[in-house]
Amino acid sequence: MINKILKKRILIPDKVSELTIYAPHISRKARPGNFVVLRLSAKGERIPLTIADKDPESGTIVIVYLVLGKTSALLDTFDAGDTILDLCGPLGKPTEIKKQGEVCCVGGGTGIAAMHHIAKGNNESGNEVVSVIGARSRDLLLFKPELEKISSRVLVATDDGTMGHKGFVTEVLEKYLQKSSSVKEVVAVGPVPMMKAVAKVTKPFNVKTMVSLNSIMVDGIGMCGACRVSVGGETRFACVDGPEFDASQVDFDELMMRLGAFRDQEKLSMELFQKSRVS
Amino acid sequence: MTKKSKTKVNPRVRMPMLDPLERGRIFSEVALGYQVQDAVSEAKRCLQCKKPTCQKGCPVEVDCKSFIRLVAEEDFQEAFRVIKDTNSLPAICGRVCPQENQCEGTCKLRPTGQPIAIGRLERFVADNFYAHNSCEEETGFMECVLPDENLKVAALGSGPSSLTLAGFLSARGIKVTVFEALHEPGGVLVYGIPEFRLPKSVVKREVESLKHLGVDFKCNFVGGMTVTLKDLFAEGYRAVFVGVGAGLPRFMGLEGENLVGVYSANEYLTRVNLMHAYRFPEFDTPVPKGDKVVVIGGGNVAMDSARTALRLGSSSVKVVYRRTKGEMPARREELEHALDEGVELEILASPISFYGDENQNLRRVLLQKMELGQPDSSGRRRPVPIEGQTFELETDLVIMAVGTGANKVLTQTTPELKLNKHGNIEVDPATGETNLPMVFAGGDIVTGAATVVEAMGAGRLAAKEILKRLKSV
């Protein structure tokens, strides 16, 4: 059945899980960088989630979510066999991938999952992929084995030093760029402060740097402008002009501010949801 | 039937309305509709002109004279059949058409200021029919032709143009599948026009009646992304109609326009209408609530936004428009309703910039005073800034209702489709066909933002042409 969850893999208990969903119409069109919008109930909201992988042969797509608000918390109660009410995609412009040599793919937190699809696309196009991934602790590092299969090297940073470099991914990235002059492009997906820091780190190296933005969206098809972002001083829509933009041109502070637009309502929704789960 | 009298014309029968003070805070439909006696009295005022002009004033050519005569004779069933012959969405048109520029604008009684209330009568006939008849009969056709599964046509988008096309073709034996990107069919009728003006149940009813005619609806399918024109022809569709609308909201490129607190009307209305945010937290989608709301624009969307803001509890709602009240493109009735409910106008003014506090919360808008200069290409007098004259309004919520552009999701993945410089699809005005054979287009994606019934006219034009081509093979 369409939109049915075939498999659930818990990556970090109560926080991050991976769902394999049967959606052949989306799977056959999905390309790296695309996202879907989903809605779980008749009273539910629409949220965007990046497509982390796809398998057109089995007609499936893979999404990875972090429990952040009510909808992701509700999604976390879903299991294999359950069906997503509305699943729409693929959306957004796909990553522009051309054969060019060495590409550095940077992922932070749940962003590693979204980055994985882009890294895989680069690998399939014959580029050499160097993955740079970071999380708070080694237990929170996602997709490392998958990335090892498609990358020439996987460099790791953890905040607590339980694996790899103790510190931020940007420190690892900077060191790598100092060492290797053959990097043609850097692609980064993760929390806004991380993407902002990546833009700062790559600037002196003059290497093309793309970031995938996670703005608030309602429809995901260019109709509302909730996802608007200033890029090079111009207003662009992350859903139809992006979600990937030239990092050096993005106004990250504005993006951060706009992501907080509904903080109070999101908190209230989550509290009511948790209360209803207890009772 | 009354004879035309030079001395006195009976006034139009009044439309019962909810009280403005009561309704201004709730989302129930404002105009309550004619009762049987109201409708019959109004219909009897019709002169039954030998050469009626009203039909020509209607983009879908409703035979107004005949259906009004049938209402006067109390044959409502037959009146419905007459309307439905050319108009597949009568309950919607009766509510949202700008009749003053169309059928009623060409009525012979127009010069008296009391034209026949054709829109109200159309709405009455449709509502009356739906109230008394079962779903199967809703199509208005006594014998439905079962659609031929081999003659398949696809429509992308499920707004008024596609719905009209689907109704026309399926009633004539052609199988239509409508692909909608959102999770509910109806397009602008569902995400754009508020409940108090067009109840969602009315749209649902029209969609249900199309399903009974054999039309298939596929939601969550994005034209150009989930499914391309090439895919559709490969799947055996013989023609494709593109009716994806003018969904892309315009901004003005002003300082502070991306502050939290400045929203496009599309976002504001989509949250409230499609996502039911006015019932947050029962529904998950939140909506910004402003105390002092400023709406920029003077069209129907501006009126819808302003009236929605009132209903969400704002203490003041000001509509800022750069020309004067007389030039406002909004339907007269909507403007009057808005004013009755307490919306204020700030005319001859245009925003320059928006300012927030230290936490980036919107606090005020700086406005430029304008005056009217020479007429521009639209025939309306052009607004010109009065140098040095600016003023500020305090506000915590600004809604930008300054128009929409062509939705580019389909067109940017279909580069072979010919567009004009605004990004709208070019079509042959006689057939609705694009530069690609058997690909038709209509509605706002062709014309830029226009009215529901004009989109329906375009759907009807393309449907007629498609029928001719498919049935002659």
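From first to last, the protein sequence lines are chains U and H. Note that the numbering used here numbers the first sequence so that position 124 is 138, with each residue one more than the last. Note that the numbering used here numbers the second sequence so that position 206 is 196, with each residue one more than the last. The C-beta atom is built at its ideal place from N, Cα and C for all residues, glycine as well.
Just the C-alpha distance for residue i and residue j, rounded to the nearest angstrom, thanks.
i       : j      : result
H/P1    : H/E32  : 9 angstroms
H/G149  : U/T91  : 35 angstroms
H/R228  : H/A431 : 14 angstroms
H/P10   : H/G332 : 8 angstroms
H/C54   : H/A453 : 22 angstroms
U/H131  : H/V180 : 35 angstroms
U/K107  : U/P46  : 9 angstroms
U/M284  : U/L33  : 22 angstroms
H/V168  : H/V192 : 19 angstroms
H/E455  : H/S462 : 11 angstroms
H/V362  : H/R370 : First, the amino acid is wrong: residue 362 of chain H is Leu here, not Val. So the alpha carbons of these two residues sit roughly 9 angstroms apart.
U/L282  : H/D274 : 10 angstroms
H/M(-9) : H/K74  : With a pLDDT of 45 at H/M(-9), under the threshold of 50, the modelled position of this residue cannot be trusted; read the value that follows with caution. Rounded to the nearest angstrom, the two C-alpha atoms are 24 angstroms apart.
H/I183  : U/E110 : 38 angstroms
H/V309  : U/A37  : 45 angstroms
H/P427  : U/V245 : 38 angstroms
H/S305  : H/R100 : 38 angstroms
U/D69   : U/K43  : 10 angstroms
H/Q402  : U/L80  : 32 angstroms
H/A445  : H/S78  : 12 angstroms
H/E12   : H/F57  : 34 angstroms
H/E324  : U/N220 : 55 angstroms
H/V307  : U/A261 : 39 angstroms
H/D418  : H/T424 : 6 angstroms
H/A171  : H/S199 : 21 angstroms
H/N210  : H/R372 : 42 angstroms
H/N248  : H/A396 : 21 angstroms
U/E96   : U/P104 : According to the sequence displayed, residue 96 of chain U carries Asp and not Glu. Approximately 21 angstroms between the Cα atoms of the pair.
U/G83   : H/R195 : 35 angstroms
H/L457  : H/I435 : 22 angstroms
H/L22   : U/I40  : 44 angstroms
H/P6    : H/A107 : 13 angstroms
H/P80   : H/R113 : 6 angstroms
U/L25   : H/K201 : 43 angstroms
H/T76   : U/S290 : 51 angstroms
H/L153  : H/T380 : 46 angstroms
Can you say whether residue i is buried or exposed, counting buried as having 16 or more other CB atoms within 10 angstroms of its CB?
i      : result
U/S226 : buried
U/L99  : exposed
U/D14  : The first residue shown for chain U is 15 and the last is 293, placing residue 14 of chain U beyond what the model contains.
H/H412 : exposed
U/L154 : buried
H/G226 : exposed
H/A145 : buried
H/P278 : buried
U/A133 : buried
H/R261 : buried
U/D278 : exposed
U/S11  : Absent from the model: residue 11 of chain U. The displayed extent of chain U is 15 to 293, so no value can be given.
H/E133 : Because the pLDDT of H/E133 is 48, which lies under 50, any placement of that residue in the model is unreliable, and the question is left without a value.
H/V26  : exposed
Between the beta-carbon of residue i and the beta-carbon of residue j, is there less than 7 angstroms?
i      : j      : result
U/V146 : U/V120 : yes
U/H76  : U/G234 : Residue identity check: residue 76 of chain U is Val in the sequence provided, not His. No. Outside cutoff.
U/K210 : U/F266 : yes
H/G163 : H/P137 : yes
U/K113 : U/S139 : yes
U/V243 : U/S229 : yes
U/V186 : U/L169 : yes
H/M360 : H/R321 : no
H/L356 : H/S343 : yes
H/C39  : H/C93  : no
H/A391 : H/G235 : no
H/V143 : H/A69  : no
Taking 7 angstroms as the CB-CB cut-off, is residue i touching chain B?
i     : result
U/A37 : Chain labels in this structure do not include chain B; the protein chains are U and H.
Does the stretch 199 to 207 of chain U come within contact of the stretch 118 to 131 of chain U, defined as at least 3 CB pairs closer than 8 angstroms?
yes
Answer yes if the stretch 70 to 90 of chain H comes into contact with the stretch 179 to 189 of chain H, meaning at least three C-beta pairs across the two stretches below 8 angstroms, and no otherwise.
yes
For the structure I just gave you, are there three or more beta carbon pairs, one from the stretch 33 to 48 of chain H and one from the stretch 60 to 67 of chain H, closer than 8 angstroms?
yes
Take every Cβ of the stretch 260 to 275 of chain H, pair it with every Cβ of the stretch 371 to 380 of chain H, and state whether three or more of those distances are shorter than 8 angstroms.
no
With contact counted as at least three CB pairs below 8 angstroms, one residue from each stretch, are the stretch 199 to 219 of chain H and the stretch 294 to 302 of chain H in contact?
no
Cβ contact (3+ pairs, closer than 8 angstroms) linking the stretch 335 to 351 of chain H and the stretch 376 to 396 of chain H:
yes
Can you list the beta strand (DSSP E) stretches of 3 or more residues lying completely in the stretch 195 to 249 of chain U, in chain order?
197 to 203, 222 to 226, 242 to 245
Complete alpha helix (DSSP H) runs within the stretch 79 to 154 of chain H (minimum length 4 residues, chain order)
80 to 86, 93 to 96, 108 to 122
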